[in-house]
Ligand SMILES: NC(=O)c1ccc[n+]([C@@H]2O[C@H](COP(=O)([O-])OP(=O)(O)OC[C@H]3O[C@@H](n4cnc5c(N)ncnc54)[C@H](OP(=O)(O)O)[C@@H]3O)[C@@H](O)[C@H]2O)c1
């Protein structure tokens, strides 16, 4: 049996992970769920969709108590809070799957430039970036997974084959992403307030979003040299889902068909990356609630551009189901166990 604890289970990603884990086909048991605001209350009171599926009360976060009951601990905490707890769990010998940004960037100076002072730089080198499509072999062996950000997951998967095959220029990459509001977490703010979001569409953090260094780190590693990307995120009036469009300058003449075959070859053994047929474009509904990333490709010859689009669900492939995929890899289960659920269409 694999015992798992979920720290921050009252949040959007933590509760989404619970939803996925309760139907895991292997012998996986959720032994502990934490929340400071709901300690002592049953999870089904906050998340009625779990009624009859998980009979467990939230507990206050006590690392010793959580670790005692867990082989793997998921931390679905905000950044900064995570790095206060990761070293405690690490010292207690449990495997950690961390949702925050705190261990994603290998260069602590870069982290401190984009976020804040890092209080636990010692463990950064132990962390593996939890994108199985790039780091599967390292994930198998690690005790600390840094689950990728939601935007970076969609962007990296969209751009990687074009750079790796050297058909696209690593300079001048433009990434435009549209995200549902659940990406901001459960706490209400003016930005997430319904009247401000409903029937409204806005860009934010133009060219300065914190996910930029993560995208640059991972794509830079793939091609073995530094690169910069221009990233413009937007909020759209949806609850969940991210549609990313990447604009890539082509280095050679290539047709859509040829580019698609490069993408199909790159992802031929990836269970969760679907390269769509020529003429098909990804849509967020097709991947809603699922671990799939759908990718569509089109070469626009008159501009010498490859336009690559990806659709993911920010709460699943962008966080919780990707974390479960990492858990499956670590535990030696079939990587797809509990994850081959199709997206939720209308
Ligand atoms: N939302 C997404 O689409 C998404 C995607 C990828 C990655 N992530 C990352 O995943 C992490 C969680 O995001 P989320 O959207 O699920 O956030 P969220 O909805 O705001 O939930 C945060 C959780 O952390 C708990 N928490 C907050 N501060 C705490 C503290 N000081 N001590 C103990 N528990 C604390 C909260 O518990 P209480 O009940 O006590 O408030 C809650 O359970 C973040 O690092 C985020 O960047 C999110």
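Numbering (my numbering), first residue to last: 1071 to 1416.
All C-beta atoms, glycine included, are put in the ideal place defined by N, C-alpha and C.
> Taking the runs of the beta strand (DSSP E) that are 3 residues or longer, which of them lie wholly in the segment 1156–1185?
Replying inline: Listed in chain order, the complete beta strand (DSSP E) runs (minimum 3 residues) inside the segment 1156–1185 are 1165–1168.
> In terms of residues, what are the limits of the alpha helix (DSSP H) holding residue 1084?
Replying inline: Indexing the chain shown from 1 puts residue 1084 at position 14. Looking at the DSSP string, the run of the alpha helix (DSSP H) that includes residue 1084 is 1082–1091.
>> For residue 1105 and residue 1080, which I take to be in contact (beta-carbon distance under 8 Å), what is that distance rounded to the nearest angstrom?
In response: Against the chain shown, residue 1105 aligns to sequence position 35. Against the chain shown, residue 1080 aligns to sequence position 10. At roughly 4 Å, the Cβ-Cβ gap stays under 8 Å, so residue 1105 and residue 1080 are in contact.
> Does residue 1238 come within less than 8 Å of chain C when only Cβ atoms are used?
Replying inline: Of the protein chains in the structure, only one exists, and it is not chain C.
> By Cβ distance below 8 Å, which residues in the same chain neighbour residue 1329 in space, the five residues on each side in sequence not counted?
Replying inline: Walking along the chain shown from the start, residue 1329 turns up at place 259. Correct list, in chain order: 1232, 1237, 1367, 1369 and 1376.
> In the segment 1290–1330, which residue ranges form an unbroken beta strand (DSSP E) of at least 3 residues, counting only runs that do not cross its ends?
Replying inline: Secondary structure in the segment 1290–1330: the beta strand (DSSP E) runs of 3 residues or longer, each lying completely within the stretch, are 1299–1305 and 1312–1319 in chain order.
> Beta carbon of residue 1169, beta carbon of residue 1146: below 8 Å?
Replying inline: Taking the chain shown and counting its residues from 1, one reaches residue 1169 at position 99. Taking the chain shown and counting its residues from 1, one reaches residue 1146 at position 76. Yes, these two residues count as a Cβ contact at 8 Å.
> Roughly how far, in whole angstroms, is the beta-carbon of residue 1379 from the beta-carbon of residue 1313, given that I think they are within contact range, below 8 Å?
Replying inline: One-based indexing of the chain shown puts residue 1379 at position 309. One-based indexing of the chain shown puts residue 1313 at position 243. Residue 1379 to residue 1313, Cβ: 7 Å. Contact.
> From residue 1289 to residue 1310, what distance separates their C-alpha atoms?
Replying inline: Numbered from its first residue, the chain shown carries residue 1289 at position 219. Numbered from its first residue, the chain shown carries residue 1310 at position 240. Distance between the alpha carbons of residue 1289 and residue 1310: 25 Å.
> Measuring from the CB of residue 1106, is there a heavy atom of ligand 3 at a distance below 7 Å?
Replying inline: What this structure holds is ligand 1, not ligand 3.
> Within 10 angstroms of its Cβ, does residue 1228 collect 16 or more other Cβ (buried), or is it exposed?
Replying inline: Your numbering for residue 1228 matches position 158 in the chain shown. Using a 10 angstroms sphere on the CB of residue 1228, the tally of other CB atoms reaches 16 or more, which defines it as buried.
> Which parts of the segment 1351–1386 are runs of the beta strand (DSSP E), unbroken and 3 residues or longer, counting only runs that do not cross its ends?
Replying inline: You should have 1363–1370 and 1375–1382.
> Can the beta-carbon of residue 1186 be found less than 8 Å from the beta-carbon of residue 1150?
Replying inline: Taking the first residue of the chain shown as position 1, residue 1186 is located at position 116. Taking the first residue of the chain shown as position 1, residue 1150 is located at position 80. In contact: residue 1186 and residue 1150 (Cβ atoms closer than 8 Å).
> In the DSSP assignment, what are the bridge partners of residue 1075?
Replying inline: Here the question's residue 1075 lines up with position 5 in the chain shown. 1102 and 1143, per the DSSP bridge assignment.
> Can you tell me the Cα-Cα spacing of residue 1121 and residue 1083, whole angstroms?
Replying inline: For the purposes of this step, residue 1121 is taken as residue 51 along the chain shown, with counting starting at 1. For the purposes of this step, residue 1083 is taken as residue 13 along the chain shown, with counting starting at 1. Cα to Cα, the separation comes out at about 18 Å.
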